[in-house]
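Notes follow once the structure below has been shown.
There are 4 protein chains.
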Amino acid sequence: MRAVRRRRSSRDPQGTDARTRILDAAEALFAERGYDATSTARIARQAGVPKGLVFHYFPQKIDVLVALVDERTAVEELPEDAVEALPGDPAGTLSRLARRFPLRASPAMRRILFREAGTHRSVGERLGRLNGEVFRRARRALELALPGARGDQARLEVAAATFAAVLIYQENLAQLSGQHVDPDAVAELIAHALGA
Amino acid sequence: MRAVRRRRSSRDPQGTDARTRILDAAEALFAERGYDATSTARIARQAGVPKGLVFHYFPQKIDVLVALVDERTAVEELPEDAVEALPGDPAGTLSRLARRFPLRASPAMRRILFREAGTHRSVGERLGRLNGEVFRRARRALELALPGARGDQARLEVAAATFAAVLIYQENLAQLSGQHVDPDAVAELIAHALGA
Amino acid sequence: MRAVRRRRSSRDPQGTDARTRILDAAEALFAERGYDATSTARIARQAGVPKGLVFHYFPQKIDVLVALVDERTAVEELPEDAVEALPGDPAGTLSRLARRFPLRASPAMRRILFREAGTHRSVGERLGRLNGEVFRRARRALELALPGARGDQARLEVAAATFAAVLIYQENLAQLSGQHVDPDAVAELIAHALGA
Amino acid sequence: MRAVRRRRSSRDPQGTDARTRILDAAEALFAERGYDATSTARIARQAGVPKGLVFHYFPQKIDVLVALVDERTAVEELPEDAVEALPGDPAGTLSRLARRFPLRASPAMRRILFREAGTHRSVGERLGRLNGEVFRRARRALELALPGARGDQARLEVAAATFAAVLIYQENLAQLSGQHVDPDAVAELIAHALGA
DNA sequence: TATGAATGAGGATTCATTCAT
DNA sequence: GATGAATGAATCCTCATTCAT
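For the protein sequence lines, the chains are F, X, Z and B, in the order given. For the first sequence, the residue numbers in the working numbering are 855 to 1050. For the second sequence, the residue numbers in the working numbering are 855 to 1050. For the third sequence, the residue numbers in the working numbering are 855 to 1050. For the fourth sequence, the residue numbers in the working numbering are 855 to 1050.
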């Protein structure tokens, strides 16, 4: 999570620093065609910077991917209970969680995470951590929303895992299978499964 | 869907014909490192055939992927009701569906489908069709298992879509997020959501 | 020491096989400008082959150097006493050794050996082995030529080492220092040092 | 031959000025890996100075090499007869010459001189001049040590040339051939060749 | 059908050098 | 003087693909 402030140099007429433009271009291209199919030359061209500059900031191509994952998929450091759980309203609670989703990642970044997770360890690890985070929040939200602890713990975990999967992968589920899975509808489904 | 029978040549000590060995090698490699990162030379080496032979069978590299998807992700032509739905037992019905899953695809092929779906139209289409098939079967199974039509149609569709997603992507969900989502448990969850 | 016979293909109008032409070109260029300053593209151009072919035969640039050293600096497998030592004529014996020098290496190869020995282990090792071979032959020749064992053993070794150095490095001594050191004259000098 | 005194700047915690540190780093690196294989960036890093500063002091990379050769291989301006020749003791005289060797060059600089002489005219010239200087001194020393002029002039020159070669290249002889050639022993050998 | 040499476009990466600050 | 971002030519190497045998 870089916070270095970069000054606008005279060589930067676009007003965004070169490093950021490189990451922007890479994000769009990796999402569209995949990491391997995207050449560094193309990233540079789309970013409007000379080829060499990509390597000035990112010594290896893989470092571009790593930087994207590091800097653009940060899990917000929300207080655990930032999403106010409404006792008796698990569906609404999950829906709110979905909306205040802690994953600060563009649809493009999600596609990248998803696609490259299987082949690049660091990406896979990050995706695993994100999934775990969402899972834990969902479980906690459900526990708070269902104070009577109706429904055993095991089922609650299955519910949380299912919801996390749908939430994280919705982007890809939609694109790959051509079918939208609406998180709100799933939230409602799950609430029914757990509730009265 | 090829069914051509190939004779065993004298150069084929493994007892499998060259074309099959090429596809086997490609399946393993594409799953492990992705299509773009796998060279035709490597496929040939792993298959134990000369480089030129790959192009004898598959004029272009992409044809290897297409053949894999065509020949190794076939949706079985099951009769619609091959999975006997037990009225009153939606959970069991879904579980049986999961077990008699119509997708004849190795874990490796599922990873390939999944990974390349976003960048190769033909793969994406195939995945979409598979997902649709599973979705339709799940919906039909639920309709039969819940004859009273309790729960409206919309919720039933959400349930079928969720179940299809978990079923198709379980391979990847497990691998990517490090968390198993047991189809049987999800079946039970969904049954609760729809049932009494 | 390759002995593979290469057929003359129709694509080889020069009548020398491509691999040999690549090595010829590399030998000349490495000797003239050094290994690092010689690009693979230039080798290919001078050899009259496409760039890619260099890497077909030599997966890495360094392999070209290694092949040169392996195949073009072979120590002849002469019987130990192939150079007939004339008792009483150490000078003549050394001169004959110099002329029937066991190092089958062009002046170009000697310059390459010399220059790259310090930075490429395999080259350095080969040079060391060559030097050792020449040293041992010179010592043996002197022992045979001076049967009375006049002059102690230590001095004889110094003589052999000095002669080996002059013999192996004459190419470079001449070029680098602009001064020829005639092996025959050194042979005569050494004979005087050891003889009556 | 620079003699400019450089002040110690506040950015120079090592207490050596930047220019000197650059040359020190270059000397070590050129000796270890060769001129071509050493990037200016690496020199800067090893010297602990920013990349730009290298080009401030040395407008071109080659200027670093030239400066090293100019400033660090100086032939001492000894009076011709600084090495007292002892008539009748040529071995001792040569040994003393070797010890009071006029070449002020570190082992590293000798390796550089040696390696780059063949490809960089200025280095080659300097090496030639050094070799000539040592040769002339050795010849003069021998003439003085052997007043009777026994041994003809031609043999004396061969002796001087051989001794100069051993002296100048001992560093490399040892390193490359793994065999030490002791200058004192060679001096003694040569004395025998010329003396009674 | 089988084989591997041949081809050249393209890709990642390096690097000397410039220059605004 | 000091700094490091910027530049683009050049380098090593990969690879799909062709083709003569």
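For each residue, glycine too, the CB sits at the ideal point set by N, CA and C. Remember, it's a predicted structure, so these values are computed and weren't measured experimentally.
| Check | Outcome |
| --- | --- |
| Spatial neighbours of F912 (chain Z) in its chain, beta-carbon cut-off 8 Å, leaving aside the 5 residues before and after | I876, V918 and A921 |
| Beta-carbon proximity of A999 (chain X) to A939 (chain X), cut-off 8 Å | yes |
| Residue-level contact to chain F via CB, R865 (chain X), 8 Å cutoff | Bear in mind that the predicted position of R865 (chain X) carries a pLDDT of just 48, short of 50, making it too unreliable to give a figure here. |
| CB contact check: L1043 (chain F) to chain X, cutoff 8 Å | yes |
| Any C-beta of chain B under 8 Å from that of V1035 (chain Z) | yes |
| Beta-carbon contacts of P941 (chain X) that lie in its chain and below 8 Å, excluding the five residues immediately before and after | L998, A999, L1000 and P1001 |
| Check whether V1040 (chain Z) and F1017 (chain Z) have beta carbons under 8 Å apart | yes |
| Alpha-carbon to alpha-carbon, F989 (chain F) and D890 (chain Z) | 55 Å |
| Cβ-based burial, S949 (chain B) [other Cβ within 10 Å; buried from 16] | buried |
| Neighbour list for A895 (chain X) in chain F, Cβ cutoff strictly below 8 Å | Per Cβ cutoff of 8 Å: no residues; A895 (chain X) is ~16 Å from chain F at best. |
| Residues that D890 (chain F) contacts on chain X, provided the C-beta gap is smaller than 7 Å | G888, D890 and A891 |
| Expected contact under 8 Å - CB spacing of R965 (chain X) and E925 (chain X) to nearest Å | Between E925 (chain X) and R965 (chain X) the Cβ distance is about 17 Å, and since that is not below 8 Å, they are no contact. |
| Residues near V858 (chain F) by beta carbon distance below 6 Å, same chain, minus five either side | With a pLDDT of 44 at V858 (chain F), under the threshold of 50, the modelled position of this residue cannot be trusted, and the question is left open. |
| Neighbouring residues, chain B, relative to A1013 (chain Z) (Cβ below 8 Å) | L1043 |
| Given E1042 (chain Z) as reference, the closest of Z:S893, Z:A882 and Z:T947 once Cα atoms are compared | Z:T947 |
| Cβ of A999 (chain Z) within 8 Å of any chain B Cβ | no |
| R991 (chain F) burial status per 10 Å Cβ neighbour count (16 or more: buried) | buried |
| Residue range of the alpha helix (DSSP H) that includes T874 (chain Z) | A872 to R887 |
| Continuous alpha helix (DSSP H) stretch holding F968 (chain Z): start and end | P961 to E970 |
| Coil, strand or helix - T973 (chain Z) by DSSP | coil |
| Residue from B:L1021, B:Q1007, B:A901 and B:L996 whose Cα sits closest to the Cα of D878 (chain B) | B:A901 |
| Amino acids of chain B, ordered along the chain, whose beta-carbon sits closer than 7 Å to that of V1040 (chain Z) | V1012 and T1016 |
| A1047 (chain F) (DSSP reduced to helix, strand or coil) | helix |
| Any chain Z beta carbon closer than 8 Å to H1046 (chain B) | yes |
| Local conformation of V1035 (chain X) per DSSP, three classes | coil |
| Contact test: Q1007 (chain B) Cβ vs the ligand FAD heavy atom, cutoff 7 Å | Looking at this structure, you won't find the ligand FAD or any other ligand, since it has none at all. |
| Cβ-based contacts, 8 Å cut-off: residues of the segment 968 to 982 of chain B near chain Z | F968, R969, A971, G972, T973, G978, L981 and G982 |
| C-alpha gap between E987 (chain B) and A952 (chain Z), whole angstroms | 28 Å |
| For G888 (chain F) and N985 (chain F), the rounded distance between their alpha carbons | 21 Å |
| Three-pair Cβ contact test at 8 Å for the segment 958 to 978 of chain F versus the segment 965 to 976 of chain X | yes |
| Start-to-end residues for the alpha helix (DSSP H) that takes in G906 (chain F) | K905 to Y911 |
| Below-8 Å beta-carbon distance, Q900 (chain Z) vs any chain B residue | no |
| 6 Å Cβ shell around A1045 (chain B) - same chain, five flanking residues per side excluded | P944 and A945 |
| Same chain, Cβ closer than 8 Å to V1020 (chain X), five either side skipped, listed in chain order | L1027, V1035, P1037 and V1040 |
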